[in-house]
Amino acid sequence: MITSLQNTKVKQWMKLHKRKGRKQSGMFLIEGFHLIEEAYQSKWGINEIMIVEGLHYPDWCDHFSMTTVSRNVLQHITQTETPQGIAAVVSMRQPEEVMCHTALLIDSIQDPGNLGTMIRTADAAGFDKVILGNNTVDVYNDKVIRATQGSLFHLPIIQADLKAKIPELQAEGFSVWASSLEHAIALEQAEVTGKTALIVGNEGAGVRDELIRLVDQSVKIPIYGKAESLNVSVAAGILMYYIKR
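Using numbering that gives the first Met the number 0, read the sequence shown as starting at 0 and increasing by one per residue.
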């Protein structure tokens with residue numbers, strides 16, 4: 000059992016909390032039974048499971064390398080205030096090519112909770128894939144992962160230069176929509192005629208002008224109360240369900 004915070008393995012696990020460490024190793028850290036089971040059911044590569052001594056665990060955990068740690072070590076390597084006593088190291092993987100009719104493009108989102116919520120909502124709405132612009136928060140950030148509630152493992156998520164990606168999608172027959180408050184048509188006037196990609200932008204600045212100029216149309220959600228705008232993840236959810244209705 001590992002009890003020392005100075006243990007080499009503990010130091011390696013801690014590096015996975017940094018984007019640089021994840022990129023260098025090609026691995027990331029998840030915690031809690033639900034996320035680990037989602038990774039297992041979705042056939043992602045679980046390299047190692049770290050578990051507190053004496054904790055009961057499902058039989059499928061025996062398929063993987065397991066390391067027993069003290070509760071102090073587990074609290075050290077996890078980010079939640081009340082960890083469940085189990086964590087795992089998972090390998091990143093290249094997303095599979097899928098037949099795609101709907102895609103969510105995310106431009107420069109900085110809040111991990113917003114990104115995770117949008118991925119979860121895209122999964123729930125039945126979108127086929129998520130495309131992250133280069134200035135967006137790391138999808139393997141622990142707060143993003145927790146906010147996805149496992150949806151990270153369910154649909155392809157790719158990184159791309161959105162300025163190049165939008166014309167590619169249009170060449171494939173996609174109509175590309177942008178969520179915007181300016182020079183936009185009311186959502187109820189927007190018609191879904193086939194393959195559709197939706198782009199949402201930064202929490203404060205919205206979708207960049209250079210991308211707005213590339214899209215087929217901008218749409219806005221009506222505001223009936225006194226709020227100036229909607230949270231970006233809420234707006235994305237409304238728009239995705241409108242597209243999939």
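From the three backbone atoms N, C-alpha and C, an ideal C-beta is built for every residue, glycine too.
Quantities reported herein were computed from a predicted structural model and do not represent experimental measurements.
DSSP places V88 in the strand class (E or B) of the three-state scheme. Close CB contacts of A146 within its chain, under the 6 Å cut and outside five residues either way in sequence, are with G112, G115 and T116 (chain order). Fewer than three Cβ pairs drawn from the segment 161-174 and the segment 116-128 lie within less than 8 Å of each other, which leaves the two stretches out of contact. Using a 10 angstroms sphere on the CB of G193, the tally of other CB atoms stays under 16, which defines it as exposed. One Cα belongs to V89, the other to L54, and the distance between them is close to 21 Å. Bounds of any alpha helix (DSSP H) do not take in M98, whose DSSP letter is neither H nor E. For N46, the enclosing beta strand (DSSP E) has its first and last residue at I45 to V51. Per DSSP, reduced to three states, the secondary structure at V138 is coil, with no helix or strand assignment. In terms of Cα proximity to A38, the closest of K22, I237, R92 and S217 is R92. Counting along the chain, A189 sits inside no alpha helix (DSSP H), nor does DSSP assign it H or E at all. Counting only the Cα atoms, M239 lies some 15 Å from P221. Among the bridge pairs identified by DSSP, I156 is matched with V129.
Burial state of D208 is exposed, judged by a 10 Å Cβ sphere holding fewer than 16 other Cβ atoms.
Rounded to whole angstroms, L28 and F63 show a C-alpha spacing of 15 Å. Here A87 is buried. Its C-beta has 16 or more other C-beta atoms within 10 Å.
Taking 8 Å as the cut-off, the beta carbon of D215 is found closer than this to the beta carbon of W176. If you check the CB distance, I85 and I48 come in under 8 Å.
For Q216, the enclosing beta strand (DSSP E) starts and ends at Q216 to K219.
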